[in-house]
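**Q** Those letters in the sequence shown? Residues 1 to 205, by UniProt numbering. Built from N, CA and C at the ideal position, the CB exists for glycine as well. Model, not experiment: these values are computed from the prediction.
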Amino acid sequence: MDKELSGNIKKDHKYTWYMISTSPNKEEQVIEALKKKIETERVEEYFSEFKIFYEKKITKKELEKKRNGQEYKVKLINLYKGYIFIKMQMTDETWYITRNTEYVTGLIGSHGSGVKPTPISKRSFQKMKDTEIEMDKSFEDEINSTPFKVGDQIRIVKGELASDDENQIYKVTSVSEIRKSVTIDYELLGKKNSLEIDWTDIEKY
1 MDKELSGNIK KDHKYTWYMI STSPNKEEQV IEALKKKIET ERVEEYFSEF
51 KIFYEKKITK KELEKKRNGQ EYKVKLINLY KGYIFIKMQM TDETWYITRN
101 TEYVTGLIGS HGSGVKPTPI SKRSFQKMKD TEIEMDKSFE DEINSTPFKV
151 GDQIRIVKGE LASDDENQIY KVTSVSEIRK SVTIDYELLG KKNSLEIDWT
201 DIEKY
């Protein structure tokens, strides 16, 4: 799901990160347009990477699909809407190419009068990367977590034991991550029974 949009990475201290402002929702189009211009002008050696920082989001419906082993969709949201990041060597030519690309509205740190923009500090860029990594970790924890645990009180909303009685509750006695199910105990005709139920058939009380 990673849409980092990076080119060939060049290890050279002359490359620095710049923050580019774009028209709303045109961030990816700007990167693709820049790549084409860079190739056309044969200045690939001056550009190292392109980056958009993303936050991953998933709806409850898509999360349910994931937990049922079905295909699911994750929405990627630009953490810095209207901005992209380019690692490059700042020359008169690369500055001209970048600022004259369609949907580019400016380079952060540029003060006009022909003065080239200042790059983002390594510390600031690393902080943004760390934030994205932490958010990715939280997202993975969320989508891979078990929605139920032993001891939870649940209601059955589908199947033979489904009831409209909101007070008809059961306690979870075991959870299967592999089968996406829980086991409950219940009494029928004075006899204690156990039943395994899919996650999709129950809800927390």
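Under 8 Å: do the region 59 to 68 and the region 80 to 100 share three or more Cβ pairs, one atom per stretch?
**A** Counting Cβ pairs under 8 Å, fewer than three are found: no touch.
**Q** Going by the DSSP bridge assignment, what does L189 pair with across the sheet?
**A** Answer by DSSP bridge pairing: none, since L189 is not bridged.
**Q** Identify whether I20 lies in helix, strand or coil by the three-state DSSP scheme.
**A** Of the three classes helix, strand and coil, the one that applies to I20 here is strand, per DSSP.
**Q** Which term fits S48, buried or exposed, when burial requires 16 or more other beta carbons within 10 angstroms of its beta carbon?
**A** S48 comes out buried.
**Q** Enumerate, from N- to C-terminal direction, the unbroken alpha helix (DSSP H) stretches of 4 or more residues contained entirely within the UniProt domain "NusG-like N-terminal" (14 to 132).
**A** DSSP runs (the alpha helix (DSSP H)) wholly in the UniProt domain "NusG-like N-terminal" (14 to 132): 27 to 41, 60 to 67 and 92 to 99.
**Q** From I178, T183, L189 and K122, pick the residue whose C-alpha is nearest to that of I202; which is it?
**A** For I202, the nearest C-alpha among the options comes from T183.
**Q** Taking contact to mean 3 or more Cβ pairs, one atom from each stretch, closer than 8 Å, check whether the region 112 to 128 and the region 39 to 48 are in contact.
**A** Too few Cβ pairs lie closer than 8 Å, so no.
**Q** Using C-beta distances below 7 Å, list every residue in its chain close to V175, excluding the 5 sequence neighbours before and after it, in chain order.
**A** Closer than 7 Å at Cβ, skipping near neighbours: T146, F148, K149, V150 and V182.
**Q** Take the Cβ of P119 as the centre, count every other Cβ of all protein chains shown within 10 Å, and call the residue buried at 16 or more, exposed below.
**A** That one is buried.
**Q** In the DSSP assignment, what are the bridge partners of D198?
**A** S181, per the DSSP bridge assignment.
**Q** What number of angstroms, rounded off, separates the C-alpha of I77 from the C-alpha of A162?
**A** Cα to Cα, the separation comes out at about 38 Å.
**Q** Shorter than 7 Å, the distance from the beta carbon of D185 to the closest heavy atom of the ligand SAH, or not?
**A** Here there are no bound small molecules, and the ligand SAH is not part of this structure.
**Q** Can you give the Cα-Cα distance for I169 and I143, rounded to whole angstroms?
**A** One C-alpha to the other measures close to 26 Å.
**Q** So, F53 versus E140, is the Cβ gap smaller than 8 Å?
**A** Contact: no.
**Q** From T94 to G106, what does the alpha carbon distance come to, in whole angstroms?
**A** If I take the Cα positions, the gap works out to 14 Å.
**Q** Which term fits Y18, buried or exposed, when burial requires 16 or more other beta carbons within 10 angstroms of its beta carbon?
**A** Y18 is buried by the Cβ-count criterion.
**Q** Could you check if R179 is buried or exposed, using at least 16 other CB atoms within 10 Å of its CB as the buried criterion?
**A** It counts as exposed.
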